[in-house]
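Shown next as structure tokens:
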């Protein structure tokens, strides 16, 4: 039988998962305590029992989701010491390109986070830390490859380009046909294969 602490942790996890779903479906500003509680199948009072406010719940939930997405994207890169690591990174990011955005709410949650981060300092600082970890992992990988003149600046440019492209593809699906792989490999100072030029990614 679960202990009180375990039940509390399970309730918090359920509320955070529900909060991410509500952010994706309704938007940050439209989320309410009742919406999140109903999505989690829990009484509304538990939201304020486990979190100082609804906004604290949204921030905690969004940051946890962002950390999980970052780890998933970077796992392939960090575990590959060859130049193919950048291809693993691009493949991971390309998995966000789905015709039905509801199949991958992470894109919508990230967009909502960026807007909300301009209003909530704790969210901004948490997101900045996550993005900093992104860049640090890529910077180290680029330095190990030895092709980039300035690994730190290149890492910042590459992640900004990739994140921006993911969001732009939500607005204009035609961008999904662009062959970004060879361009990003050149930016990283890596050789490009001829077949890449004909393969959208």
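Numbering (full-length UniProt numbering), first residue to last: 1 to 201. C-beta: ideal position from N, C-alpha, C; glycine also.
**Asked** CA-CA distance, residue 23 and residue 54?
**Response** Each residue's alpha carbon lies about 12 angstroms from the other.
**Request:** May I have the straight-line CA-CA distance separating residue 12 from residue 35, to the nearest angstrom?
**Result:** Between the alpha carbons of residue 12 and residue 35 lies a distance of about 15 angstroms.
**Prompt:** What's the gap between the Cα of residue 184 and the Cα of residue 140?
**Reply:** C-alpha of residue 184 to C-alpha of residue 140: approximately 16 angstroms in a straight line.
**Asked** Exposed or buried, residue 173, counting other C-beta atoms within 10 Å across all chains shown (16 or more means buried)?
**Response** The C-beta of residue 173 has fewer than 16 other C-beta atoms within 10 Å across all chains shown, which makes the residue exposed.
**Asked** Comparing the CB of residue 42 with every heavy atom of the ligand NAP, is any distance shorter than 7 angstroms?
**Response** You won't find the ligand NAP in this model; it holds no ligand whatsoever.
**Request:** Could you check the C-alpha separation between residue 122 and residue 156 for me, to the nearest Å?
**Result:** The straight-line gap from Cα to Cα measures roughly 22 angstroms.
**Item:** Residue from 45, 68, 25 and 87 whose Cα sits closest to the Cα of residue 127
**Value:** Of the listed residues, the one whose Cα sits closest to residue 127 is 68.
**Asked** Would you call the CB atoms of residue 154 and residue 77 closer than 8 angstroms?
**Response** In this structure, residue 77 does not lie closer than 8 angstroms to residue 154 by Cβ.
**Asked** Secondary structure at residue 17, three-state DSSP: helix, strand or coil?
**Response** Here DSSP, grouped into helix, strand and coil, assigns residue 17 to helix.
**Prompt:** Quick one: Cα of residue 6 to Cα of residue 180, how far?
**Reply:** Whole-angstrom Cα-Cα distance: 46 angstroms.
**Request:** Could you work out which residue in 130, 149, 107 and 49 is closest to residue 164 when comparing CA atoms only?
**Result:** If we check each option's Cα against that of residue 164, 107 comes out closest.
**Message:** Am I right that residue 52 and residue 39 are in contact with their C-beta atoms under 8 angstroms? What's the rounded C-beta distance?
**Reply:** No, residue 52 and residue 39 are not in contact; Cβ-Cβ is about 20 angstroms, not under 8 angstroms.
**Prompt:** Roughly how many angstroms lie between the CA atoms of residue 42 and residue 146, to the nearest whole one?
**Reply:** Cα-Cα distance, rounded: 53 angstroms.
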